[in-house]
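Novice: Numbering (UniProt numbering), first residue to last: 1 to 87. Note that beta-carbon positions come from the ideal geometry of N, C-alpha and C, so glycine has one too. Sharing a structure below in structure tokens format, with a few things to ask.
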Amino acid sequence: MQTCERSNVPEKYGREVRVDLKEARKRAEELIKFGFGIADAAHVAFAEMVGAEFISCDKKLVRKCKRYKIRVWCSNPVAFCVKEDLK
1 MQTCERSNVP
11 EKYGREVRVD
21 LKEARKRAEE
31 LIKFGFGIAD
41 AAHVAFAEMV
51 GAEFISCDKK
61 LVRKCKRYKI
71 RVWCSNPVAF
81 CVKEDLK
């Protein structure tokens, strides 16, 4: 299994994640078939793999994520701030 490590994220702000690159690529290719762009599909696939919220200013992309019911929370930065009760 080929993996990707992200170990340079400060412990205070994140966590180390390991992702199966073959699975991420497979999921990205599925998303491309649904009409996602290559970069967007890759970003969504990696967010799904690590269970991260997916935040975007691209209204069309957010709508597409909701339409295809991606496996993680997805919305815009304002909705994220409301969700997290950030002021």
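How big is the Cα-Cα spacing for Lys33 and Lys83?
Specialist: 30 Å
Novice: If you follow the beta strand (DSSP E) that Arg18 is in, where does it begin and where does it stop?
Specialist: Arg18 -> beta strand (DSSP E) spans Arg18 to Asp20.
Novice: Under the three-state reduction of DSSP, which class applies to Cys57: helix, strand or coil?
Specialist: coil
Novice: Below 8 Å, how does it come out for the stretch 41-48 and the stretch 13-28: are there three or more Cβ pairs, yes or no?
Specialist: yes
Novice: Pick out whichever of Pro77, Leu31, Asp20 and Phe80 has its Cα sitting closest to the Cα of Arg71.
Specialist: Leu31
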